[in-house]
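Protein chains in written order, with the numbering used here: chain A, 1 to 233; chain B, 1 to 408.
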């Protein structure tokens, strides 16, 4: 099975079973899904529905027990650990609920971390960091340590780090969970704007109503299966 | 690589208190090793000095077999040639000739068996410390052919004091006839060495030769060198040069094998101590690194997620181990230097205590050497890096999803 030109993520019969104290737990039970380039998609569902596990598998952070995952035309479900590592570095940006940043690195160093791994030269790194800091509204914060930033500002830095290396996909796991509603709204609006501007695909795993309201596609998981898949205009 | 080196250095200072405690624990181990080594060297030097400076010298030449039988007929062969040759030796600082024989010393009150030693007073002062150890009377003075110097314990046994008369009786060479001479006590010494204080009596060389009937012959030449290492090394060519079928030239290490063994055992004990301390240090490093690692599981998971490879992750932890080692080495070297330097100024008083047949006569001072600040810190660095491999491999093998899941 191969993906079509506009398909970014394609999963086929995806299964993930964990061993919990020797007892097999089926977290994902055969998901077939296609997410196209430029989508702003939210995966929702109650706790234990398999959202985070599904997100981990489509991002190459975890490997499926069975089934296939294609991302940007590559079959990542059969990649080795080091291939996955390189693939994530070059194709996926991550935003987690909290503690996204390396606390001993400054804002600028955190943002350029992935570019350093990619071997981007210093001048180019600096240029991109300055540009992205303006886009996320953090001009003048380059030399600050994450501990000197508010929760909302830290998440903006995480967004900046995720998009600065120009990935195909941004995966955000409960990005607004630790923010107050106003800050959450501002962050989501900024991400929506960046999605429109750059065309980078965003996939969220969330419980947050604000994200659900802004998502153009809403996939609901229940007991490791897709319960509903709704696209809005 | 520089990115992760910078990260490792910053990470190690994230929890300053823990880093300081862990670094101090490792550093104290290193300081203890430096101090122990300095003390062992100081003890060795002290014991060698106590053993060689009192009387023995750094080496001796005898007739083959004399040291085991003390047969008075076994005098050194080719004495004159050997003496002339020794005078030309650049490595020899001083030497002196001696005659030795078992004898009976008698006073009006008591008697005792002693080792009668005939010495040349002028050269003997360079080899032994009899002159310095005299507590009553004086060293040999001009013209007194019947002067005898005995130890404090022997004087006590014989119930004699300065100026009293004693009689020495010994068997002559070849004939075995008894020779008896009266002496007047001119000096009493106290070495604080049991064997010397109660078992030796010193008379002039010529008188001893006369009593034993050995003409101008001698039993022993005691030596002191310009370089103390010759006395420690029986394989030095000097000893082969003066040994042969008839004579036997022996370094102190051969004359006192128990002292040599004791020094070797002490060095071995330092190695054992080192292994134990390094074992403790290794566990400390593993504990510190794992504590730090488990505190940052989510962060490690994020780093792995955004593209840090397993190798880069392991290398980061490995660099952290190196940074911890570096801090520990600085703490350990400074602490080791300070403690050793303080004890070098004060010394440790073991005087009068006998170990392996040697009685400490001086305060014990540790000896600092540059090697101690190269070998032991290098060992700590290597050990820390080797030990750091375990948490490094653990960090490298950690799956990002698992790391983030476990941290929640």
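Every residue, glycine too, gets a C-beta built ideally from N, C-alpha and C.
{"Asked": "contact_flag[the segment 188 to 201 of chain B, the segment 151 to 171 of chain B] where n(CB pairs < 8 Å) is 3 or more", "Found": "yes"}
{"Asked": "Beta-ladder partner(s) of residue 147 of chain B, from DSSP", "Found": "B:184"}
{"Asked": "Cβ pair residue 64 of chain B, residue 177 of chain B closer than 9 Å", "Found": "no"}
{"Asked": "The segment 178 to 190 of chain B touching the segment 109 to 116 of chain B, judged by at least three CB pairs closer than 8 Å", "Found": "no"}
{"Asked": "Simplified DSSP assignment, three categories, for residue 247 of chain B", "Found": "strand"}
{"Asked": "CA-to-CA distance, residue 207 of chain A to residue 174 of chain A, given in whole angstroms", "Found": "7 Å"}
{"Asked": "Residues near residue 118 of chain B in its chain [Cβ-Cβ closer than 7 Å; skip 5 each side]", "Found": "98, 99, 203, 204, 205, 207, 208 and 209"}
{"Asked": "Rounded distance between the beta-carbons of residue 16 of chain A and residue 64 of chain A, thought under 8 Å", "Found": "5 Å"}
{"Asked": "Environment of residue 376 of chain B [buried if 16+ CB atoms lie within 10 Å]", "Found": "buried"}
{"Asked": "Pair within 9 Å by beta-carbon distance, residue 88 of chain A and residue 47 of chain A", "Found": "no"}
{"Asked": "Anticipated Cβ contact below 8 Å, residue 301 of chain B with residue 403 of chain B, distance rounded", "Found": "3 Å"}
{"Asked": "Status (buried if at least 16 other CB within 10 Å, exposed otherwise) for residue 294 of chain B", "Found": "exposed"}
{"Asked": "At least 3 beta-carbon pairs within less than 8 Å: the segment 112 to 130 of chain A vs the segment 71 to 84 of chain A", "Found": "no"}
{"Asked": "Cβ-Cβ separation, residue 60 of chain B to residue 222 of chain B (assumed contact under 8 Å), whole Å", "Found": "5 Å"}
{"Asked": "Contact under 9 Å by Cβ, residue 42 of chain A with residue 228 of chain A", "Found": "no"}
{"Asked": "Expected contact under 8 Å - CB spacing of residue 37 of chain A and residue 55 of chain A to nearest Å", "Found": "Not a contact, Cβ separation roughly 18 Å."}
{"Asked": "Host alpha helix (DSSP H) of residue 320 of chain B (start-end)", "Found": "310 to 346"}
{"Asked": "Spatial neighbours of residue 147 of chain B in its chain, beta-carbon cut-off 6 Å, leaving aside the 5 residues before and after", "Found": "140 and 186"}
{"Asked": "Member of A:22, A:39 and A:34 whose CA lies at the smallest distance from the CA of residue 196 of chain A", "Found": "A:39"}
{"Asked": "Endpoints, beta strand (DSSP E) assigned at residue 16 of chain A", "Found": "7 to 20"}
{"Asked": "Coil, strand or helix - residue 208 of chain A by DSSP", "Found": "coil"}
{"Asked": "Cβ distance (whole Å) where residue 157 of chain A is taken to contact residue 107 of chain A below 8 Å", "Found": "5 Å"}
{"Asked": "Rounded distance between the beta-carbons of residue 160 of chain A and residue 243 of chain A, thought under 8 Å", "Found": "The question about residue 243 of chain A has no answer here: the residues shown for chain A are numbered 1 through 233."}
{"Asked": "Residues from the segment 26 to 59 of chain A in contact with chain B, defined by Cβ distance under 7 Å", "Found": "56"}
{"Asked": "Proximal residues, the segment 95 to 121 of chain A versus chain B, C-beta separation under 9 Å", "Found": "96, 98, 99, 100, 101, 102, 103, 104, 105, 109, 113, 114, 116, 117 and 118"}
{"Asked": "7 Å Cβ cut-off: residues of chain B touching residue 61 of chain A", "Found": "305, 400 and 401"}
{"Asked": "Distance CB(residue 253 of chain B)-CB(residue 232 of chain B) smaller than 9 Å", "Found": "yes"}
{"Asked": "Residues of its chain near residue 318 of chain B, where Cβ-Cβ distance is below 6 Å and the 5 sequence neighbours each way are ignored", "Found": "388 and 392"}
{"Asked": "Simplified DSSP assignment, three categories, for residue 79 of chain A", "Found": "coil"}
{"Asked": "Residue burial classification, residue 191 of chain B (beta-carbon count within 10 angstroms, cutoff 16)", "Found": "buried"}
{"Asked": "Test: residue 139 of chain A CB closer than 9 Å to a CB of chain B", "Found": "no"}
{"Asked": "Classification of residue 70 of chain A by the beta-carbon crowding that lies within 10 angstroms, buried from 16 upward", "Found": "buried"}
{"Asked": "Presumed contact (8 Å Cβ cut-off) between residue 41 of chain B and residue 367 of chain B, rounded CB distance", "Found": "4 Å"}
{"Asked": "Where the beta strand (DSSP E) through residue 62 of chain B begins and ends", "Found": "59 to 63"}
{"Asked": "Three CB pairs or more closer than 8 Å across the segment 83 to 96 of chain B and the segment 223 to 243 of chain B", "Found": "yes"}
{"Asked": "7 Å Cβ shell around residue 383 of chain B - same chain, five flanking residues per side excluded", "Found": "278, 281 and 282"}
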